[in-house]
Amino acid sequence: MGRRGLLKAGAFSAAAMSTLSLAACGDGGSSSGGSGGAELKFRLAETHPEDYPTTLGDKKFADLVREASDGRIDIQVFAGGQLGEESDVIEQVQMGSIEMTRVSSAPMTEFSSGMGLFGLPYIFDDADHMWRFLDDDSGQQLLGSMEDAGFKGLCYFDPGARSFYTREKAILTPADVKGQKFRVQESEVIIDFIKALGGSPTPMDYGEVYSSLQSGLIDGAENNEPSYYSATHYEVAPNFTRDEHMRVAEILVMNQDSWNGLSDEDKDIIQQAATDAIPFQREKWDAQVESDMAKLKEAGVKITEVDDITPWREAAQPVLDKYGEEFAEYLDKIDELRQA
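Residue numbers 40 to 379, in our numbering, belong to the letters of the sequence shown in order.
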């Protein structure tokens with residue numbers, strides 16, 4: 040567990056807001072239909088823009104909570120990084136100064152090592168395979184593993200598949216990654232993956248990627264299609280290679296102390312709303328990928344489809360060898376579900 044992982048939420052209970060005091064928080068959020076007379080108000084931090092699929096999933100969740108509680112509970116979504124970059128927001132949610140966030144599982148590895156599973160390359164065949172695991176008891180057990188670090192995992196959202204994009208040299212084979220500097224999230228597993236392909240991993244916040252590509256500080260990055268398009272990274276890195284090396288789950292999380300302070304009724308309302316928001320978010324995700332791919336092609340992006348993933352898996356095998364034992368239980372379940 041990294042430096043941030045040592046910041047247990049319980050150690051900051053004095054700084055964590057009680058649920059009754061939260062009524063003073065959340066003004067200025069972007070979620071529609073906010074109720075000024077709500078008994079409880081929570082802020083949900085989101086890095087992505089207002090119309091991004093995960094943001095829409097956040098808003099659907101907030102609407103469902105508001106509806107089920109007859110307006111008693113108001114969750115306001117702050118999109119576009121209004122409350123800070125993802126890595127900073129995670130710590131604030133852990134301490135209780137922000138109550139909720141939608142976060143990638145990659146930086147959560149510093150708080151819950153099991154989340155490193157999603158950084159392993161090429162372990163899922165496709166989205167349906169991944170969701171069979173996430174919906175399985177093993178996936179739900181992994182979601183609950185963050186509680187010791189001060190987080191209540193509410194649900195997974197669809198992350199899509201991460202692929203490479205570059206400024207100048209298009210990535211056509213694993214060998215093309217060699218010597219290239221790639222922005223990565225703060226995850227040891229993902230860092231090792233880039234190293235296994237011969238690249239140079241450069242951890243940095245999402246908001247710094249565009250300028251770093253533009254200036255040549257990095258040669259490329261890796262992300263899913265909607266992120267690549269919505270952040271306009273294609274303007275400065277017009278080569279996109281769909282190798283779909285990782286499906287790094289997105290997670291909706293809440294500060295554990297805030298969760299513990301809720302009544303059982305309100306816990307049920309919030310948990311059910313999170314679960315019910317998943318199909319909506321997945322539908323929006325699929326539609327967004329299709330739309331953004333069309334727009335990227337119109338913009339002249341060079342798109343390389345990887346038809347045979349075998350050489351890529353072989354190049355990444357050292358990563359699976361290194362972490363296979365640590366995640367053996369989950370990997371066995373993933374292999375079992377591959378046959379489903």
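Even for Gly, the Cβ is constructed at its ideal location relative to N, Cα and C.
If only uninterrupted beta strand (DSSP E) runs of at least 3 residues are considered, those enclosed by the stretch 187-220 are 190-196, 201-205. Segment contact: the stretch 207-221 against the stretch 119-138, fewer than three CB-CB distances shorter than 8 Å; contact not assigned. Assignment of residue 79 by DSSP, reduced to helix, strand and coil, places it in the strand class.
In the same chain as residue 368, and ignoring 5 residues on each side of it, the C-beta atoms closer than 8 Å to its own belong to 177, in chain order. Selection 92, 250, 229 evaluated against residue 149 yields 229 as nearest (Cα-Cα).
When 218, 245, 161 are compared, the shortest CA-CA separation from residue 356 is found for 161. When the beta-carbon positions are compared, residue 260 and residue 235 stay at least 8 Å from each other.
By a beta-carbon distance limit of 8 Å, residue 219 contacts residue 258. Their separation comes to about 4 Å. For residue 281, the enclosing beta strand (DSSP E) stretches over residues 278-285. Within the model, the alpha-carbon separation for residue 254 versus residue 267 is close to 17 Å. By the criterion of a C-beta distance shorter than 7 Å, residue 172 is surrounded in its chain by 178, 372, 373, 376, once the five residues flanking it on both sides are discounted. Per DSSP, reduced to three states, the secondary structure at residue 305 is helical.
Taken in chain order, the unbroken stretches of alpha helix (DSSP H) that lie wholly in the stretch 118-177 and span 4 residues or more are 125-134, 166-174.
Bounds of any beta strand (DSSP E) do not take in residue 88, whose DSSP letter is neither H nor E. The Cβ-Cβ distance between residue 80 and residue 113 falls below 8 Å. For residue 269, DSSP assigns no beta-bridge partner whatsoever.
Going by DSSP, residue 236 is part of no alpha helix (DSSP H) at all; its letter is neither H nor E. Within the same chain, and ignoring the five residues on either side of residue 320 in sequence, the residues whose Cβ sits closer than 8 Å to its Cβ are 92, 93, 95, 96, 99, 196, 197. An exposed status is given to residue 333, since fewer than 16 other beta-carbon atoms sit within 10 Å of its beta-carbon. Looking at 291, 262, 182, the one whose alpha-carbon comes closest to that of residue 205 is 262. One thing to note: residue 143 has its Cβ within 8 Å of the Cβ of residue 224. In the structure shown, residue 180 falls within a helical segment according to DSSP collapsed to helix, strand and coil. Under the DSSP definition of a beta bridge, residue 115 partners with 82. Taking residue 231 as the centre and dropping the five residues before and after it, the same chain places the C-beta of 358, 361 closer than 7 Å to its C-beta, in chain order. Residue burial is scored here from C-beta neighbours: residue 297 has at least 16 other C-beta atoms within 10 angstroms and is therefore classed as buried. The beta-bridge partner set that DSSP reports for residue 260 consists of 204. For residue 306 and residue 273, the gap between their C-alpha atoms comes out near 41 Å.
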